[in-house]
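Its first residue numbered 27, the sequence shown is counted upward by one per residue in this note's numbering.
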Amino acid sequence: MALVELSGFLGANLKLNKRLLPPSVGVLSVNQKPSEEGDFRPWRSPLAIATPPIGAARKTLYRMGRDTPDPAAYWLSWTTLVHVIRAFDAEDPTERTYFTGSGSPKWTDTTMAFSGTPYPNATRELAVPQPTVPPTVMLDVDGESGDARQLYYVYTWVNDLGWESAPSPPFLAPAAKPGATLNLAVGEAPPAGNYGITIVRWYRTQVVAGTTDAEYLFLRQYALGSVGMKDDARKLGEVLASETWLPLPANASWLTYCWNQFASALVDKSVRLCVPNYVYAWPIEHEYILPAKPIAQAAFAQRLLVFTEAGAELFTGSDPGAMDQKPMTLALIASQRSLVVGESWCIWAAKDGLWYYGVDGLRCLTGNSMSTAQWAALQPTTIAGYLCKLGERTLYVGFYNDGALKGFVVDPANPDGIYFLSQGYAAGFWDPLLSALFVLDGSTVKQWDAGADFMTATFKSRVVRQVSHVEGEWVELVADGGPCLVKVITDQTTPFNRAVGTGEHRLPDGTGGREWQLEVQTATSVQGVVVE
27 MALVELSGFL GANLKLNKRL LPPSVGVLSV NQKPSEEGDF RPWRSPLAIA
77 TPPIGAARKT LYRMGRDTPD PAAYWLSWTT LVHVIRAFDA EDPTERTYFT
127 GSGSPKWTDT TMAFSGTPYP NATRELAVPQ PTVPPTVMLD VDGESGDARQ
177 LYYVYTWVND LGWESAPSPP FLAPAAKPGA TLNLAVGEAP PAGNYGITIV
227 RWYRTQVVAG TTDAEYLFLR QYALGSVGMK DDARKLGEVL ASETWLPLPA
277 NASWLTYCWN QFASALVDKS VRLCVPNYVY AWPIEHEYIL PAKPIAQAAF
327 AQRLLVFTEA GAELFTGSDP GAMDQKPMTL ALIASQRSLV VGESWCIWAA
377 KDGLWYYGVD GLRCLTGNSM STAQWAALQP TTIAGYLCKL GERTLYVGFY
427 NDGALKGFVV DPANPDGIYF LSQGYAAGFW DPLLSALFVL DGSTVKQWDA
477 GADFMTATFK SRVVRQVSHV EGEWVELVAD GGPCLVKVIT DQTTPFNRAV
527 GTGEHRLPDG TGGREWQLEV QTATSVQGVV VE
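Quick look at the structure:
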């Protein structure tokens, strides 16, 4: 009969008494890779795949070249917490990419980003500013007949991408008869900045048939800097679409792709949503006021969860201008960088544990494996979290700093054990195209679990208490290779501490005790250890 046995290997539980743990959960798990086969195996060492032009102290890592399955190209990085989304048009060959968190909202593409180092080397503002000065409209030649009328005129700026600003303040033109021609002049020079403005577009009012309401209809457009701009009494075109299309404010953060081709961002004490398919257009009617300052947000399963300093707000709906909003009682987020979003859930670090909220409910993932004090020792305000997939399993990988960079892994589907890592990293990036997690080690990008060598993993079992003092004769290791360091611990002494290969090994004479414990340290796969 086995005195103590190691099998199952489902991580560590620091909370329960070491004598009360189930057989498959230990008191220590370091560098252990969660295994679907039920064995104990280490992670492979991260594989260095690129030393891109990355500076020091980077907090955000992002791989551009999303259509190219090349882990060595191309790595963008920032010293701040930056949130990146790709353009709604996935077929764009320049891979236009938008981001917040590095000054005002910006965008870049493969032409600008790689024009120099570090990447992104060049960017442009994610905006076309609204003109602030009304135009001037003067009568040129009056019409020949009909009643004189007064019309309002506005103009907009349009950039080289076709993005259009909100209109200028209106100007009431002199009274003129139908068919009159009028001279048009913009009220100001285009704003300074890298906006790419190339066109001035004109609109004038026209009364809607059967009503007294007037709307702005397209008149004509000119290349920027044109002289002799006129209203030549031509037929008017489409209604002005951008009347309320404001730029995203300069202090906006946490740009996030939602669903139905729209995005969200945090602005002051509100969340703002863009016009679907127009990431530069953020109407004030798409703004939702929050009860407290927002900290972070997560979009999944057609839900937008906004974390605030006082809790959270949940937004649902298909129309950015008519979203349902309701408060949520959730643990306060302790680290913005800890937030990880899956297909149907999000996970974040709070002061009392690692929390999960998804379509299947709310729970604390570390509540069964760690006490609040033990979790606090991980310094949750320092945690940076990343998604990692192993086959069909989706894991949470967190890096923290308790004086040194370390890490941990939690399986949201099986959170009873936690898997610690002896080494942590300053930044990471989960690449869904390559289905790989990348970490930043100094200035070197490494692919997680991809090296030729293995980490050294350690697992320590629960304590098995016998009814009386008993002696053991053999320790058996079942492993794919070796040697592995095996420790047999009895009554807090270690009579057996040897590197052994697979098979049976005799214990020293007199090895006995009431409380038995096993520890194995390996760079190979171990299926079990047993003492008889």
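Where is the CB? At the ideal position from N, CA and C, for every residue including glycine.
- Under the DSSP assignment, residue 354 falls in the beta strand (DSSP E) whose first and last residues are 350-354.
- For the options 540, 501, 447, the alpha carbon positioned closest to that of residue 495 is the one of 540.
- Cβ-Cβ distances below 6 Å link residue 308 to 272, 274, 298, 300 in the same chain, with the five nearest sequence neighbours on each side left out; the list follows chain order.
- Closest in C-alpha terms to residue 43, from the list 260, 491, 502, comes 491.
- The beta carbon of residue 206 sits closer than 6 Å to the beta carbons of 168, 169 from its chain, once the five residues preceding and following it are set aside; these are given in chain order.
- The alpha-carbon of residue 102 is positioned some 28 Å away from that of residue 190.
- Residue environment analysis places residue 543 among the buried positions, since at least 16 neighbouring C-beta atoms fall within 10 angstroms of its C-beta.
- In this structure residue 41 touches residue 400 by the C-beta definition: roughly 7 Å separates them, less than 8 Å.
- Every unbroken stretch of the beta strand (DSSP E) spanning 3 or more residues and falling wholly within the stretch 402-482 is given here in chain order: 410-416, 419-427, 431-436, 445-447, 453-457, 462-467, 470-473.
- The shortest C-alpha to C-alpha distance from residue 36 to any of 328, 444, 119 is the one to 444.
- In the structure shown, residue 488 adopts coil according to DSSP, grouped into three states.
- When the five nearest sequence neighbours on each side are left out, the beta carbons in the same chain lying within less than 8 Å of the beta carbon of residue 457 are those of 89, 97, 463, 464, in order along the chain.
- Under the three-pair Cβ rule at 8 Å, the stretch 307-322 counts as touching the stretch 353-365.
- In the same chain as residue 259, and ignoring 5 residues on each side of it, the C-beta atoms closer than 8 Å to its own belong to 169, 204, 205, 206, 207, in chain order.
- Excluding residues up to 5 positions away in sequence, 229, 242 lie with their Cβ nearer than 6 Å to the Cβ of residue 266 in the same chain.
- A straight line joining the alpha-carbon of residue 256 with that of residue 195 spans about 18 Å.
- Annotated three-state conformation of residue 322 is strand, per DSSP.
- Under the DSSP assignment, residue 139 falls in the alpha helix (DSSP H) whose first and last residues are 136-139.
- Runs of the beta strand (DSSP E) lying entirely within the stretch 276-322, each at least 3 residues long, are 279-283, 289-293, 296-299, 313-315 in chain order.
- With 16 or more other Cβ atoms from the protein chains shown falling within 10 Å of its own Cβ, residue 436 counts as buried.
- The C-beta separation of residue 373 from residue 433 comes to about 15 Å, leaving the pair out of contact by the 8 Å criterion.
- In summary, residue 223 is buried, with 16 or more beta-carbon neighbours lying within 10 Å of its beta-carbon over all protein chains present.
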